[in-house]
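Data first, discussion second: the structure below is written as structure tokens.
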Amino acid sequence: MLLISVTLCCLVSLAAPTCLSESAPGGINQHPRHILIQPGGTASISCIATENVKGVNLRNRFTKMLFVNSKSKAFVYNNNTRVNLYGNVNNFTVTIKNVTEEDTGFYLCDGIGPDNKDLCGKWTVLSVAVTAPCNNSSSASDSNKGENLHVILPVVILMYLPVLIFAVYKIYKRSQMKNRRQPLNSVYEDMTKTLRRNTMSSANGN
């Protein structure tokens, strides 16, 4: 979806460079900036002129989808019966019913002011996407992960249990061997001391 949005942004920049440039003249407040909706829903885009206008367009990507003249008469292109307008040329809201994924794109309000001055809105990003199945699949995936964890964890424990037992056994054997060696060393030290004493006594007697 991000790639699609970036691509559409480039396309609209080519179609209406004046309104999408950083130095866009403004003159029309357009909202909302972002719409995320599921197929079959109704999207609403509002355009409010801050100065007198001779006419206002609502564009979808390259093409004009609606034009409102100075007498507030609306012309809907391509006889799109899903598009309706409420209000007047200075303040109107456009609704798009039963949206589909093909309606995804950038929507821009632009108009003509006094002395044929360009007036521009800030555009609206409309994203039509099925979100509920994604959430369900995510929940199902999390549930499956939980079930798999309950199965995998005991298997891992059983796999490493013999290793743990063997390690404990080796530690126990080493401690036993150490305890056995300690008395022998003590006896050896006692015998060495006794021999030294006897040797010293014999030397003194001589």
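Taken in order, the sequence shown gives residues -17 to -1, 1 to 189; the numbers are from mature numbering (1 follows the signal peptide of the UniProt record, and there is no 0). Glycine included, each C-beta is placed from N, C-alpha and C at the ideal position.
Excluding the five sequence neighbours on either side, which residues of its own chain have a C-beta within less than 7 Å of the C-beta of residue i, listed in chain order?
| i | result |
| --- | --- |
| ASN99 | none |
Could you check the C-alpha separation between residue i and residue j for me, to the nearest Å?
| i | j | result |
| --- | --- | --- |
| SER110 | ALA26 | 10 Å |
| CYS2 | LYS105 | 8 Å |
| SER53 | PRO15 | 24 Å |
| ILE95 | GLY88 | 23 Å |
| ASN74 | VAL113 | 31 Å |
| TYR157 | ILE148 | According to the sequence shown, residue 157 is Arg rather than Tyr. Approximately 14 Å, taken between the alpha carbons. |
| LEU41 | ASP101 | 14 Å |
| ASN12 | ASP93 | 10 Å |
Measuring alpha carbon to alpha carbon, tell me which of the options ends up nearest residue i.
| i | options | result |
| --- | --- | --- |
| GLY70 | GLN159, GLY38, SER55 and HIS14 | SER55 |
| THR76 | ILE20, VAL39, TYR155 and GLN159 | VAL39 |
| ASN63 | SER29, LEU19, TYR155 and ASP86 | ASP86 |
| ARG44 | ASN35, CYS103 and TYR90 | TYR90 |
| ILE20 | ILE154, THR78, ARG157 and PHE58 | THR78 |
| LYS80 | ILE28, ASN12 and SER158 | ILE28 |
| GLU84 | MET160, LYS156 and GLY23 | GLY23 |
| PRO97 | LYS37, CYS30 and MET160 | LYS37 |
Near residue i, what residues of its chain come up, given a Cβ to Cβ distance below 8 Å and the 5 sequence neighbours on each side ignored?
| i | result |
| --- | --- |
| TYR60 | THR46, LYS47, MET48, LEU49 and PHE50 |
Within the same chain, show all residues whose beta-carbon is closer than 6 Å to that of residue i, passing over the 5 residues directly before and after it, in chain order.
| i | result |
| --- | --- |
| THR33 | GLY10 |
| ASN67 | THR78 |
| residue 211 | Examination of residue 211 is not possible in this model, given that the chain is present from -17 through 189 alone. |
In the structure shown, what three-state DSSP assignment does residue i receive?
| i | result |
| --- | --- |
| ASN12 | strand |
| SER29 | strand |
| SER53 | coil |
| LYS156 | helix |
| ASN62 | helix |
| ASN99 | helix |
| CYS2 | helix |
Starting from residue i, follow its DSSP beta bridges and name the residues at the other end.
| i | result |
| --- | --- |
| ASP93 | ASN40 and CYS103 |
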